[in-house]
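Have a look at the structure below, then the notes.
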Amino acid sequence: MNTFLAALSSGTSRGAIFALVALGLVIVWRGAGIVNFAQMGQAMFSTYIASTLITNGNSYWIAFFVALISGAVLGALLDILVMRPLSNKKQSELLSSESMRAAVPVIASLGILGVLQALAGIIWAAEERGFPAPAKQEGFTVAGNVLPFTSFDLFVVSIVTVTLIITTLFFTKTGIGLAMRATALNQEVAKLSGIRTNRTRTISWAISGAASSLAGLLITPTSNLSPNSLDLVLIVGFTAAVVGGLDSPAGAVLGGFILGMVISFVTFYSTPEDVFLAILAVLLIVLIIRPRGILGSKDARRV
Amino acid sequence: MRAVSNHNKKSIARTSLIRTLLFVAAILLVGAQFDAYNQGQLAVVLILFIGVLSVTLLTGISGQLSLGQGALMAVGGYSTALLMINYKLSLWVAVPLSVISSAIAGLLLGIAAARLRGPYLAGTTLVIALAIPTIANRFMSVFKGDEGLPVDVGYPPQWFSNLFGEPGYEQWQLYVALPFAAIALFFASNILKSRTGRMWRSIRDNETATSLSGVNFSRQKIYVFVISSSFAGLSGALYGLRGLVGPSVYPVSLSLLLLTAAVLGGIRSITGAFIGTVIVVFLPDWIDLVLVNFELSEQVSNYLPALISSLLLILTVVINPAGVAGTRLHKHK
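Each protein sequence line maps, in turn, to chains A and B. According to my numbering, the first sequence is numbered sequentially starting from 5. According to my numbering, the second sequence is numbered sequentially starting from 1142.
Okay, here's the thing in structure tokens:
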């Protein structure tokens, strides 16, 4: 029973973080038609910035907000410097086929990931470092029993919930959010109705950058920080996004929690080595039974 | 009609054969000039060239992006190591057998992947690339976990030494890799020019038109995976014969290295695959050559090759997507 509760609580807090990662992927996919494999590289980079600020004596919260902002700026920069020139090149022979139009941005994002990891290695050395949590990582005590749910877990779950509410409001209630949804639905029509699609694309990259930086800040206290330390989080986030539906923000959240639970229960009831095989199994099952994901729309881009 | 196509087949095979023989001669000539270290590096070039060809066929020719080639290399590597250690087979038997086992792995992967496209395929193969090496730790008794299985190319047979003199260890690695690379080159250049190659290109360029022309494209896609996996498995088998087969030998970054090489050189051309492989293998040495004059910390020089090759990858994709060999490609179409 205790193992079950521990798995459940760890699954909830990890699931919240994976939901953020998946949400970041979904936002860029909807806004730009690209799966951004560099996303957790960006998050790693801004978490290093936060870590450096804290080491230099700044408070956690200053570092926290600087990291979010630098995540957003980095995301926007990558779109302007790499992805926008790339999408303007669609006339070139190599990009003339549909399959290559899908493949080439993925290759570019892998290049970005490589650059960010190498830069982080050069600037901040390769050795792992820890990253502080803003709340205690010991379980709550109720009537003398230590629960497996820590105040840091509570912090993670509540901050992710707030973020999800803000994102939903942004997409449904604001003009920019509406413009972004229109661009996601049909770029040509959006352009013709006067939406500056280049700008909405860049905003998608910025929001996604901030969301994944938040995920980076929340996950590093329980792991360690090194140039490659967030690679696995990206894999899980990608699987979560596919499970939920790559074009559905609500699906991303659902997928994140499903993956959090699967990973947590496999870790607690089997060995950590089985985690990857479990992720692979979940991914394959979803792709075979329901390739568009649980909440993905039917006419979404073909799988 | 039949006569024409037979004639064509012959002339295609002849061109590929001449190309391959020139390649072998050039490698032998260059290899003889090199010192032991560079002979070893050249052997790595030949080995990875086979793996890069697997990316060229899969991504460049048929338009399917896989990030899991490293996992298929691991299949080839482990098959060879297990056959050589448990059944005491010679590498000349074990390596071809492991090509078959990686072809089977490619068949399974192809059946799963034929329905996936673009980023879905890339992501799924990336998960596979991460999941497969963990099997080595799951079944410790067979695969020996992180420790891995030690295998190497051994020593040349007596008749070889009598004929050509005693080769150095690195030189022997080169001579072992060369025939396999030559066979791979011959096959790849044959496939590219044949009907099959045209069919794969048409799958890449327009699926609807291809299937309307009577091509069963899901079967062809699976077929591409089988062929490409055989190349990757061969490359992985030889890669492991450098000394060890283990999870650390086939990391995810190996898949990315193959992709980088293929893109840098020119993802649609065999010449490009070779140029790209030479670039990624020798880049760290070239950087060292330039950096001797500068006082740089170890930290910087460790990450510099990765930084430069990733920058080159981005620049290639954005500025010159056809790669180094691209200019030739435009003429051929």
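Heads up, the beta-carbon is just placed ideally off N, CA and C, and yes, glycines get one too. If you're wondering where the values come from, they're calculated on a predicted model, not measured in any experiment.
**Message:** Any contact between the stretch 1197-1217 of chain B and the stretch 1429-1438 of chain B? By contact I mean 3 or more CB pairs, one from each, below 8 Å.
**Reply:** no
**Item:** Contacts of B/N1347 in chain A (Cβ-Cβ under 9 Å)
**Value:** Position 206 of the second sequence, counted from the first residue, corresponds to residue 1347 of chain B. Per Cβ cutoff of 9 Å: S101, E102.
**Message:** With DSSP as the reference, identify every bridge partner of B/P1308, one or two as the case may be.
**Reply:** Taking the first residue of the second sequence as 1, we reach residue 1308 of chain B at position 167. In DSSP, B/P1308 forms no bridge with anything.
**Request:** State the CB to CB distance for the pair B/P1446 and B/I1428, rounded to an integer number of angstroms; the pair is presumed to be in contact (CB under 8 Å).
**Result:** Walking along the second sequence from the start, residue 1446 of chain B turns up at place 305. Walking along the second sequence from the start, residue 1428 of chain B turns up at place 287. That belief holds up - the Cβ atoms of B/P1446 and B/I1428 are roughly 6 Å apart, short of 8 Å.
**Item:** Contact list for B/Y1444 against chain A, beta-carbon separation under 7 Å
**Value:** For the purposes of this step, residue 1444 of chain B is taken as the residue at position 303 of the second sequence. Residues of chain A passing the Cβ test: A122, G125, I126.
**Prompt:** Residues of chain A with a CB under 8 Å from the CB of B/I1455: which are they?
**Reply:** Locating residue 1455 of chain B in the second sequence gives position 314, where the first residue counts as 1. Ordered by position in chain A, the residues that pass the 8 Å Cβ test against B/I1455 are V86, A112, G115, I116, V119.
**Item:** Local conformation of B/G1201 per DSSP, three classes
**Value:** As a first step, residue 1201 of chain B is located in the second sequence; it is residue number 60 there, counting from the start. Note: B/G1201 maps to helix in three-state DSSP.
**Request:** Given a cut-off of 7 Å, decide if B/V1165 and B/A1329 are closer than it, judged by their beta-carbon atoms.
**Result:** For this step, residue 1329 of chain B is matched to residue 188 along the second sequence. For this step, residue 1165 of chain B is matched to residue 24 along the second sequence. No; because the gap between Cβ atoms is not below 7 Å, this pair is not in contact.
**Request:** Using a threshold of 7 Å, state whether the C-beta atoms of B/L1456 and A/A107 are closer than that.
**Result:** For the purposes of this step, residue 1456 of chain B is identified with residue 315 of the second sequence, where counting begins at 1. For the purposes of this step, residue 107 of chain A is identified with residue 103 of the first sequence, where counting begins at 1. No, Cβ-Cβ distance for B/L1456 and A/A107 is not below 7 Å.
**Prompt:** Using the C-alpha atoms, what's the distance from B/N1357 back to B/L1262?
**Reply:** Position 121 of the second sequence, counting from 1, holds the residue named residue 1262 of chain B. Position 216 of the second sequence, counting from 1, holds the residue named residue 1357 of chain B. Using only the alpha carbons, I get a separation of about 20 Å.
**Message:** Between which residues of its own chain and A/V286 is the CB-CB distance below 8 Å, once the five residues before and five after are set aside?
**Reply:** In the first sequence, counting from the first residue as 1, residue 286 of chain A sits at position 282. T243, V247, I262, L263, V266, listed in sequence order.
**Request:** Anything in the stretch 1237-1269 of chain B with a Cβ closer than 9 Å to a Cβ of chain A? List those residues in chain order, please.
**Result:** A1253, R1256, L1257, R1258, G1259, P1260, Y1261, L1262, A1263, G1264, T1265, L1267, V1268, I1269
**Asked** Can you tell which of A/L238, A/G118, A/V70 has the C-alpha that lies nearest to the C-alpha of A/L57?
**Response** As a position in the first sequence, residue 57 of chain A is number 53, starting the count at 1. Ranking the options by Cα distance to A/L57, first place goes to A/V70.
**Asked** Using the beta-carbon count (16 or more within 10 Å), is A/N40 buried or exposed?
**Response** On the first sequence, residue 40 of chain A is found 36 positions in, with the first residue counted as 1. Buried, by the Cβ-count rule.
**Cutoff 7 Å: A/F22 Cβ touching any chain B Cβ** = Counting from 1 along the first sequence, the entry for residue 22 of chain A is found at position 18. A/F22 does not count as touching chain B.
**Buried versus exposed, by CB contacts within 10 Å (16 or more), B/T1349** = As a working mapping, residue 1349 of chain B is identified with position 208 in the second sequence. Exposed.
**Asked** Does the beta carbon of B/A1466 come closer than 7 Å to any beta carbon on chain A?
**Response** Residue numbering aside, residue 1466 of chain B sits at position 325 when the second sequence is read from its first letter. For B/A1466, the answer is no, since every Cβ of chain A falls outside 7 Å of its Cβ.
**Prompt:** Can you tell me whether B/S1370 is buried or exposed, with buried defined as 16 or more other CB within 10 angstroms of its CB?
**Reply:** On the second sequence, position 229 is the one that residue 1370 of chain B refers to. B/S1370 should be labelled buried.
**Prompt:** Which residues bound the alpha helix (DSSP H) around A/S274?
**Reply:** If you number the first sequence from 1, residue 274 of chain A lands on position 270. Where A/S274 is concerned, there is no enclosing alpha helix (DSSP H), given that its DSSP letter is neither H nor E.
**Request:** Taking only beta-carbon positions, decide if A/F242 is within less than 7 Å of chain B.
**Result:** Within the first sequence, numbered from 1, the residue matching residue 242 of chain A stands at position 238. Judged by the 7 Å Cβ criterion, A/F242 is in contact with chain B.
**Asked** Is the CB of A/L90 under 7 Å away from at least one CB in chain B?
**Response** By one-based count along the first sequence, residue 90 of chain A stands at place 86. True, the Cβ-Cβ gap to chain B drops below 7 Å.
**Asked** In angstroms, rounded to a whole number, what distance separates the CA positions of B/N1149 and B/T1337?
**Response** Position 8 of the second sequence holds residue 1149 of chain B. Position 196 of the second sequence holds residue 1337 of chain B. Computed Cα separation, rounded: 13 Å.
**Asked** For A/I239, which residues in chain B fall below 7 Å Cβ to Cβ?
**Response** Numbered from its first residue, the first sequence carries residue 239 of chain A at position 235. Going along chain B in sequence order, the residues near A/I239 (Cβ under 7 Å) are L1267, V1268, L1271.
**Request:** Between the Cα of A/D83 and those of A/G61, A/N62, A/A112, A/N60, spot the shortest distance and give me the residue it belongs to.
**Result:** Position 79 of the first sequence, counted from the start, is the residue given in the question as residue 83 of chain A. Of the candidates A/G61, A/N62, A/A112, A/N60, the one whose C-alpha sits nearest the C-alpha of A/D83 is A/A112.
**Message:** For A/V8, count the other beta carbons within 10 Å of its own beta carbon; 16 or more makes it buried, fewer makes it exposed. Which is it?
**Reply:** By one-based count along the first sequence, residue 8 of chain A stands at place 4. For clarity, residue 8 of chain A is Phe in the given sequence; the question names Val instead. A/F8 comes out exposed.
**Item:** Three-state secondary structure (DSSP) of B/V1356
**Value:** What you label residue 1356 of chain B is simply residue 215 of the second sequence in a count that begins at 1. Three-state DSSP puts B/V1356 in coil, outside helix and strand.
**Message:** Please return the same chain residues whose Cβ sits closer than 6 Å to the Cβ of A/G15, not counting the five positions on each side in sequence.
**Reply:** Counted from its first residue, the first sequence places residue 15 of chain A at position 11. So the qualifying residues of the chain are G264, M265, S268.
**Request:** Reducing DSSP to helix, strand and coil, say where B/F1435 ends up.
**Result:** Taking the second sequence and counting its residues from 1, one reaches residue 1435 of chain B at position 294. B/F1435 falls in the coil class under three-state DSSP.
**Request:** Could you tell me if A/T206 is buried or exposed, where buried requires 16 or more neighbouring beta carbons within 10 angstroms of its beta carbon?
**Result:** As a working note, residue 206 of chain A is residue 202 in the first sequence. Buried.
**Prompt:** Is it true that the CB of B/A1466 sits closer than 7 Å to the CB of B/G1413?
**Reply:** Here residue 1413 of chain B corresponds to residue number 272 of the second sequence, with the count starting at 1. Here residue 1466 of chain B corresponds to residue number 325 of the second sequence, with the count starting at 1. Yes, Cβ-Cβ distance for B/G1413 and B/A1466 is below 7 Å.
**Prompt:** Would A/E192 count as contacting chain B if we go by Cβ distances under 7 Å?
**Reply:** One-based indexing of the first sequence puts residue 192 of chain A at position 188. Not an interface residue.
**Request:** Kindly indicate if chain A contains any beta-carbon less than 7 Å away from that of B/T1275.
**Result:** Residue numbering aside, residue 1275 of chain B sits at position 134 when the second sequence is read from its first letter. Output row for B/T1275: interface = yes.
**Request:** Pull up the distance between the alpha-carbon of B/I1188 and that of B/L1397, whole angstroms please.
**Result:** For the purposes of this step, residue 1188 of chain B is taken as residue 47 along the second sequence, with counting starting at 1. For the purposes of this step, residue 1397 of chain B is taken as residue 256 along the second sequence, with counting starting at 1. Roughly 16 Å separates the two Cα atoms.
**Request:** Closer than 8 Å, Cβ to Cβ, to anything on chain A: give me those residues from the stretch 1404-1422 of chain B, in chain order.
**Result:** V1404, I1408, R1409
**Message:** Taking only three categories from DSSP, how would you classify B/L1290?
**Reply:** By one-based count along the second sequence, residue 1290 of chain B stands at place 149. Reduced to three states, the DSSP call for B/L1290 is strand.
**Request:** Using a Cβ cut-off of 9 Å, pull out every chain A residue sitting near B/R1279, in sequence order please.
**Result:** Counting from one through the second sequence, the residue named residue 1279 of chain B turns up at place 138. Those within 9 Å of B/R1279 in chain A are T275, E277, D278, L281.
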